[in-house]
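The numbering of the sequence shown is the numbering used here, which starts it at -8 and goes up by one.
I have placed the structure first, in the form of structure tokens, so that the comments after it can refer back to it.
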Amino acid sequence: MKTKNVLIGLTGGIAAYKTCYLIRYFRKAGHNVKVVITKNGLEFITETTLRTLSGEQVYSDTFSGINEWSTEHISITDWADLFIVAPATANIIGKMANGIADNALSTALLAYNKTLIICPAMNDKMYFNTAVQRNIETLKGQGVIFFEPESGDLACGYKAKGRMAEPEDIYNEGLYYLNSTNSLAGKRILVSAGRTTELLDPVRYISNFSSGKTGFRIAEEASYRGAGTVLVTGTTDQVCNSHIRRIDTVSADDMYKAVIKEFKKADCVIMSAAVADYAPEKSDLKIKKSGDSFDLKLKKTKDILRELGKIKKKGQILVGFALETDNGHKNALKKMKEKNLDMIILNETSSDNPAFGSDFNKITIITSDKKEQLPAMDKKDIAGYILDRVEGLFKHQSK
Ligand SMILES: Cc1cc2nc3c(=O)[nH]c(=O)nc-3n(C[C@H](O)[C@H](O)[C@H](O)COP(=O)(O)O)c2cc1C
-8 MKTKNVLIGL TGGIAAYKTC YLIRYFRKAG HNVKVVITKN GLEFITETTL
42 RTLSGEQVYS DTFSGINEWS TEHISITDWA DLFIVAPATA NIIGKMANGI
92 ADNALSTALL AYNKTLIICP AMNDKMYFNT AVQRNIETLK GQGVIFFEPE
142 SGDLACGYKA KGRMAEPEDI YNEGLYYLNS TNSLAGKRIL VSAGRTTELL
192 DPVRYISNFS SGKTGFRIAE EASYRGAGTV LVTGTTDQVC NSHIRRIDTV
242 SADDMYKAVI KEFKKADCVI MSAAVADYAP EKSDLKIKKS GDSFDLKLKK
292 TKDILRELGK IKKKGQILVG FALETDNGHK NALKKMKEKN LDMIILNETS
342 SDNPAFGSDF NKITIITSDK KEQLPAMDKK DIAGYILDRV EGLFKHQSK
């Protein structure tokens, strides 16, 4: 992953504290962050906090002697690959829409001509005020991206639309624009992720340890590459960018129905979800404790990959995952053949490669003519490798 430069602007809203997390997410992912803040923004958060989190001098005064260059409002915007204003007050939105440059942030905004994401945060009456909405529409018309506020508890005591979007969601949106290419434009990719949850009774379930990280990273990478991306997910705490159509499911049966419905429209399906092989018959009432032992009867679930392999049409690419603790290569090859897959990702879980839950994994990519064992790497990079191979399969088909 290439290191990018992210400029974050803050204004005078209570949500400024949430922006600390946004800075941390970008820094943790290895990107450079610089901060530009209004004088009123500094009423809500200190320069020390922002300097420490970004690891850079904070830019807050157009005429301050601390500036590296005499025209920092220009150099800082030349430096940035992406500019995010979070939180954005009604005031800064108004200034932007009218070309006003009266402080460090508004001046930098006027000098910036690349991808700009504005995250408004304010009381709902302010947000829906005709002037504010008119300013937002004007800026949208100029290509500015607005990441809408959410509904919920506002600092002023109201429960309404106006809360700044969650930092993790803003971060994911930022990553989308930072990484955008079009190598899969026009393709439709369906990804499954997460774990299925099989209810035993209203309060108990059977599941597994899959976190959903691999599938989410694959769906994100597909969206960055311009593919129309659908993500059918089981239980997970992962979040994804707004360019992915996310379908939430619970049981193996729910996931089967959702995947089959979406399959016809897909050019490529990547099934990374950890689906239960067997499921109990759910009791409507809580199962009572009785006796010293308890026999649980399980019924085989539908094998989603096998079904897809049967109905796969010419030109559709089907990718499966094999999680193995022993005889990995042999089992993966068998699964690939039996289920009519074009590619299988072998995941050999062991004490030194836990796979589940970790941000890293060690995989082997197997196609009909090639076997590639990759070193341990971040799941984001794994997603990149897998989609590079998928692109290779698409190219091979079109020959
Ligand atoms: C406690 C407090 C919270 C505020 N929260 C917001 C807010 O969330 N959104 C907003 O647009 N204005 C908010 N304001 C008003 C702005 O701070 C005010 O309009 C200010 O002029 C904005 O300056 P700036 O855009 O230069 O930072 C708040 C004011 C106070 C005192």
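Cβ atoms here follow ideal geometry from the backbone N, Cα and C, with glycine treated the same way.
- Between isoleucine 36 and tyrosine 8 the beta-carbon gap is near 6 angstroms, inside 8 angstroms, which marks them as a contact.
- Using a C-beta cut-off of 8 angstroms, the stretch 253 to 264 makes no contact with the stretch 272 to 289, since fewer than three inter-stretch Cβ pairs fall below that distance.
- Judged by DSSP secondary structure, asparagine 120 falls outside any alpha helix (DSSP H); it is assigned neither H nor E.
- Excluding the 5 residues flanking it on each side, valine 241 has same chain C-beta neighbours closer than 6 angstroms at Thr188, in chain order.
- Sequence-distant partners of lysine 178 (beyond 5 residues in either direction) whose C-beta falls short of 6 angstroms from its own C-beta, in its chain, are Ala218 and Asp258.
- Taken in chain order, the whole beta strand (DSSP E) runs of length 3 or more contained in the stretch 285 to 360 are 289 to 291, 308 to 315, 334 to 339 and 354 to 358.
- When Lys305, Tyr269 and Leu289 are compared, the shortest CA-CA separation from isoleucine 295 is found for Tyr269.
- Checking the 7 angstroms criterion, the Cβ of isoleucine -1 is out of range of every heavy atom belonging to ligand 1.
- Boundaries of the alpha helix (DSSP H) around aspartate 160: 158 to 170.
- Judged by DSSP secondary structure, glutamate 63 falls within the alpha helix (DSSP H) whose first and last residues are 63 to 70.
- A direct Cα-to-Cα measurement between glycine 165 and methionine 368 gives close to 23 angstroms.
- With fewer than 16 other CB atoms across the displayed protein chains lying within 10 angstroms of its CB, aspartate 350 is exposed.
- By the C-beta density criterion, glycine 148 is exposed, having fewer than 16 other C-beta atoms within 10 angstroms.
- Boundaries of the beta strand (DSSP E) around arginine 154: 150 to 154.
- Look at leucine 13 here: in three-state DSSP terms it is helix.
- The distance from the Cβ of isoleucine 197 to that of serine 214 is about 32 angstroms, inconsistent with a contact at the 8 angstroms cut-off.
- Apart from sequence neighbours up to five positions away, the residues of its chain that approach leucine 169 with a beta-carbon distance below 7 angstroms are Lys(-5), Asp72 and Leu73, ordered along the chain.
- Placement of the Cβ of methionine 117 at a distance of less than 7 angstroms from at least one heavy atom of ligand 1 is found.
- For arginine 208, the closest alpha carbon among the candidates Val230, Gln133, Ala92 and Lys288 is that of Val230.
- With fewer than 16 other CB atoms across the displayed protein chains lying within 10 angstroms of its CB, leucine 276 is exposed.
- Taking a contact to require three or more Cβ pairs closer than 8 angstroms, the stretch 148 to 160 and the stretch 114 to 128 qualify as touching.
- Ligand 1 never approaches glycine 225 closely enough for any of its heavy atoms to be under 7 angstroms from the residue's Cβ.
- Taken in chain order, the complete alpha helix (DSSP H) segments of 4 or more residues contained in the stretch 68 to 122 are 81 to 88, 95 to 102 and 115 to 118.
- With a cut-off of 7 angstroms, the C-beta of proline 271 is classified as distant from ligand 1, since no heavy atom of the ligand falls inside that distance.
- Phenylalanine 54 and leucine 107 have their alpha carbons spaced roughly 24 angstroms apart.
- According to DSSP, residue pairing for leucine 222 in a beta bridge involves Val182 and Arg237.
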